[in-house]
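J.:
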Amino acid sequence: TELDAVLGELRRVAGGRAARRLWLDPLEPHPTVAALRSRYPDARAGDAPWELDPLVGEVDDPARQEKRALALPLSREGNVAIYGHASSGKEDLAVSLLWNMLDADPNEVCAYVVDAGAGALLAFDGAPQVPDAIPANDAERVSNLFKYLRKTMSDRRAALGRGYAGLGDYNARHDGADRMYSIAVVLNGVAELFELVPSVEDRLDSLMREGPRYGMHFVLLADTQRDVRFRMRANVGQSLVMALADESDYLAILGSIRGAALPEGDGRGLVRQGDDLYMFQCAYACGEGVPVQTAILERVAGEIDRRGRGSAMARRVPSLPEVLTPPLLPRGDYGGGLPVGVRGDDFMPVVLGKDREHANLVCATQAFQCVPFMQACAAVAHELGWDVIVVDPAGILGAAPWWALSGPAAMALSSHEGDGGRRLVLVLDARSAFDGPDEAQLVSAVCDGGRGDTLLLAAASASDLNAIQAHQWGQRLMFRNGVIWLGPGLASAYALQVVTPASRLRESMGEGGGYYIRDAQARPSKFVAVSDDDDWGP
666 TELDAVLGEL
676 RRVAGGRAAR
686 RLWLDPLEPH
696 PTVAALRSRY
706 PDARAGDAPW
716 ELDPLVGEVD
726 DPARQEKRAL
736 ALPLSREGNV
746 AIYGHASSGK
756 EDLAVSLLWN
766 MLDADPNEVC
776 AYVVDAGAGA
786 LLAFDGAPQV
796 PDAIPANDAE
806 RVSNLFKYLR
816 KTMSDRRAAL
826 GRGYAGLGDY
836 NARHDGADRM
846 YSIAVVLNGV
856 AELFELVPSV
866 EDRLDSLMRE
876 GPRYGMHFVL
886 LADTQRDVRF
896 RMRANVGQSL
906 VMALADESDY
916 LAILGSIRGA
926 ALPEGDGRGL
936 VRQGDDLYMF
946 QCAYACGEGV
956 PVQTAILERV
966 AGEIDRRGRG
976 SAMARRVPSL
986 PEVLTPPLLP
996 RGDYGGGLPV
1006 GVRGDDFMPV
1016 VLGKDREHAN
1026 LVCATQAFQC
1036 VPFMQACAAV
1046 AHELGWDVIV
1056 VDPAGILGAA
1066 PWWALSGPAA
1076 MALSSHEGDG
1086 GRRLVLVLDA
1096 RSAFDGPDEA
1106 QLVSAVCDGG
1116 RGDTLLLAAA
1126 SASDLNAIQA
1136 HQWGQRLMFR
1146 NGVIWLGPGL
1156 ASAYALQVVT
1166 PASRLRESMG
1176 EGGGYYIRDA
1186 QARPSKFVAV
1196 SDDDDWGP
């Protein structure tokens, strides 16, 4: 018939092509990262090895009759927020993100994790690409992480300011270990994090605002839109929305969702790309029935065997010991100065006796609080080969060890004249010592610099500061040179010039904690101290 002839001609012209189907097959409910990589081999959003673009799922695009990979172009679009209730699968998406990181070169990328959830992400701890995964209730380590990130950003700002257009330009002009690695910071449960460690909220806001330009990107996991503060949402480049408890949050996060079905089922979510809204299914680290924690631990162990722990150990978040004894001081070249502690905000050493500064005041609420620090300084100086002189008429320090010379300042100082070595002079009870028979020698050491190889540390209690301030030597110690403050009480020491807000002078760093005051700025520091097991005496 004519109809058969027409159909035959249509088949011939079509060349075997079928009509477009109205609907594609539904999204696979449990795709693995490996399966999606095989399905979408060209899914990377970036070309450079340091660019972060983990493949975390599959997108359904019915209008174009296609499916495609969902990658997070962190290096190009900045920070990401992932919203969803506890059983929505948002932690599975974070696991997939970190699983992707394990395929990257640890010299090019690095991830840090703070987990306030069930702890699934903590299994990545110690991988070459994940130096630290920290539980959110470990307030000290979490605080140290944000201090470390702030210092890293400051260092990168200084480096890129020397004629580079950005991190990509810097890395393109450097090779290997000289490149800056990209950093991803995964924060699981931001609301719980802010409750457990309130001090990180302002730091996170600043880091999210400036971090992406220096290769530092944040991935926030939250239950609701309100968990991510308004000023932080302004610095989020992309939002992934999984199943939410409150349907009004979909509209608040994504804008209009007209015509879109709300996500249902584990791992389903919505993402806006351009003006269009798409459904996606998150990827999983391993297949169904395989314990995720076991798979992660096996993968991490394999990466350590293959790549070693070197990069992870080098990038671990610094931490300070409970008591900073002399052997625990960081090693390095101190330029001829005396290391006496570590700053708590950037973990850099506090070094005295440099830059033509030959005398420092050591203060505490009570004089006896200075004793462990002064004893430890003597031990550090002795280990560095310095001569140690103790001026302690009242015997506050107790009997001096055999390697320290104790006695009146005039005799002690003259006994080392011309020997050419560096020397540390410890003056206990500065107010009494400077008003006594040793006044001329001590004032000369403070005001005239004495010999250039001498460092003088003068201890005083807070109650003595007003009297000390009346003298020229006291003014020099209190206002022109660095001051060591030990223990609490700095906010009440009105004789010292400190412009740091009182709210920031309450940070406790445990035994040996205090502040290093320079140019009226007080920086929290952990100072060296002798422990109860250390011997001090002949």
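So the sequence shown is numbered by the working numbering: it starts at 666 and just counts up by one. Glycine included, C-beta positions come from ideal geometry on N, C-alpha and C.
When you compare only the Cα positions, how much space is there between Val1015 and Arg1183?
T.: Val1015 and Arg1183: Cα-Cα distance of roughly 11 Å.
J.: With a cut-off of 8 Å, do at least 3 Cβ pairs link the segment 842 to 860 to the segment 774 to 793?
T.: As far as the Cβ criterion goes, the segment 842 to 860 touches the segment 774 to 793, which means the pair count is three or higher.
J.: If you drop the 5 nearest sequence neighbours on each side, which residues of the same chain put their C-beta closer than 6 Å to that of Val724?
T.: Here the set comprises Arg733, Leu735, Tyr943 and Phe945.
J.: Tell me which residues share the same chain as Ala804 and place their Cβ nearer than 8 Å to its Cβ, disregarding the 5 neighbours each side in the sequence.
T.: Closer than 8 Å at Cβ, skipping near neighbours: Leu861 and Val862.
J.: Could you tell me the alpha carbon to alpha carbon distance between Cys1286 and Glu866, rounded to whole angstroms?
T.: Nothing in the structure corresponds to residue 1286, since the chain is present only between 666 and 1203.
J.: Compare the C-alpha of Leu1091 against each of Val1055, Asp998, Ala1105 and Arg868 and name the closest.
T.: Nearest of Val1055, Asp998, Ala1105 and Arg868 to Leu1091, Cα basis: Val1055.
J.: Compute the Euclidean distance between the alpha carbons of Cys1112 and Glu987, then round it to the nearest angstrom.
T.: Cα-Cα distance, rounded: 36 Å.
J.: Of the residues Ala1160, Thr1165, Ala1194 and Leu1151, which one's Cα is nearest the Cα of Tyr1210?
T.: This structure cannot settle anything about residue 1210, because the visible part of the chain is limited to 666 through 1203.
J.: Using only CA atoms, which one of Gln1040, Glu773, His750 and Val760 lies nearest to Ser740?
T.: Nearest C-alpha to Ser740: Glu773.
J.: Go through the segment 883 to 933 residue by residue and report every complete run of the alpha helix (DSSP H) that reaches 4 residues or more, in order.
T.: Here the runs fully enclosed are 895 to 898 and 913 to 919.
J.: Tell me which residues share the same chain as Gln903 and place their Cβ nearer than 6 Å to its Cβ, disregarding the 5 neighbours each side in the sequence.
T.: Correct list, in chain order: Glu742 and Val745.
J.: Which two residues bound the contiguous beta strand (DSSP E) that contains Met944?
T.: Asp941 to Cys947 is the span of the beta strand (DSSP E), which, as asked, contains Met944.
J.: Can you check the segment 1134 to 1180 for any beta strand (DSSP E) of at least 3 residues that lies completely inside it and give the ranges in chain order?
T.: Fully enclosed beta strand (DSSP E) runs of 3 or longer: 1148 to 1151.
J.: Could you check whether Val893 and Pro928 sit closer than 9 Å to each other, using their CB atoms as the reference points?
T.: Their beta carbons are not under 9 Å apart, which means Pro928 does not touch Val893 by this criterion.
J.: Just to confirm, are Leu787 and Pro800 a CB contact at a threshold of 9 Å?
T.: The answer is yes: Cβ separation under 9 Å.
J.: Over the uninterrupted beta strand (DSSP E) stretch that includes Ile848, give me the two end residues.
T.: Segment Ser847 to Asn853, the beta strand (DSSP E) holding Ile848.
J.: What do you get for Leu668, buried or exposed, if any count of 16 or more other CB atoms within 10 angstroms of its CB means buried?
T.: Leu668 should be labelled exposed.
J.: Hey, quick one: how far does the alpha helix (DSSP H) through Ile799 stretch, first residue to last?
T.: Careful: Ile799 lies outside any alpha helix (DSSP H), inside the beta strand (DSSP E) at Asp797 to Pro800.
J.: In whole angstroms, what is the alpha-carbon distance linking Glu1071 and Leu1170?
T.: The residue you asked about is not Glu; residue 1071 is Ser in the sequence shown. Roughly 35 Å between the two C-alpha positions.
J.: Evaluate contact between the segment 1034 to 1046 and the segment 997 to 1014, counting only Cβ atoms and requiring at least three cross-stretch pairs below 8 Å.
T.: Judged by Cβ distances under 8 Å, the segment 1034 to 1046 makes contact with the segment 997 to 1014, as three or more pairs qualify.
J.: For Ser1190, which of helix, strand or coil comes out of DSSP?
T.: Correct three-state label for Ser1190: strand.
J.: Rounded to the nearest angstrom, what separates Val936 and Ile918 at their Cα positions?
T.: The alpha-carbon atoms of Val936 and Ile918 are separated by roughly 10 Å.
J.: Taking the alpha-carbon of Ala910 as reference, which of Ala887, Arg878 and Phe1144 has the nearest alpha-carbon?
T.: Checked all of Ala887, Arg878 and Phe1144; the closest Cα to Ala910 is Ala887.
J.: Once you ignore the five residues that flank Ala1227 on each side, which residues in its own chain have a CB closer than 7 Å to its CB?
T.: Residue 1227 is absent from the model: the chain starts at 666 and stops at 1203.
J.: With a 10 Å radius around its C-beta and 16 neighbouring C-beta atoms as the bar for buried, classify Tyr879 as buried or exposed.
T.: It is buried - the Cβ of Tyr879 has at least 16 other Cβ atoms within 10 Å.
J.: Express the C-alpha separation of Lys1191 and Ser1173 in angstroms, rounding to a whole number.
T.: Cα to Cα, the separation comes out at about 10 Å.
J.: Taking 8 Å as the cut-off, does the segment 756 to 768 touch the segment 829 to 840 (at least 3 CB pairs, one atom from each stretch)?
T.: Too few Cβ pairs lie closer than 8 Å, so no.
J.: Where DSSP assigns a beta bridge to Gly1006, which residues make up the other side?
T.: DSSP output for Gly1006 lists Val1015 and Phe1192 as bridge partner(s).
J.: Starting from Cys1028 and walking both ways along the beta strand (DSSP E), at which residues does that stretch end?
T.: Ala1024 to Ala1029 is the extent of the beta strand (DSSP E) around Cys1028.
J.: Please report the residue range of the beta strand (DSSP E) in which Ile747 lies.
T.: Segment Asn744 to Tyr748, the beta strand (DSSP E) holding Ile747.
J.: By the three-class DSSP mapping on this structure, what secondary structure does Glu693 have?
T.: The answer is coil: DSSP assigns Glu693 none of H, G, I, E or B.
J.: For Asn1146 and Ala1024, which I take to be in contact (beta-carbon distance under 8 Å), what is that distance rounded to the nearest angstrom?
T.: Contact flag correct, Cβ pair sits at about 6 Å.
J.: Going by alpha carbons, who is nearest to Ala1032 out of Ser871, Pro956, Gly934 and Asp1094?
T.: Considering only alpha carbons, the answer is Asp1094.
J.: Leu689 and Pro714 look like a contact to me (Cβ under 8 Å); what is the Cβ gap, rounded to whole Å?
T.: Going by Cβ atoms, the distance from Leu689 to Pro714 rounds to 34 Å, so no, they are not a contact pair.
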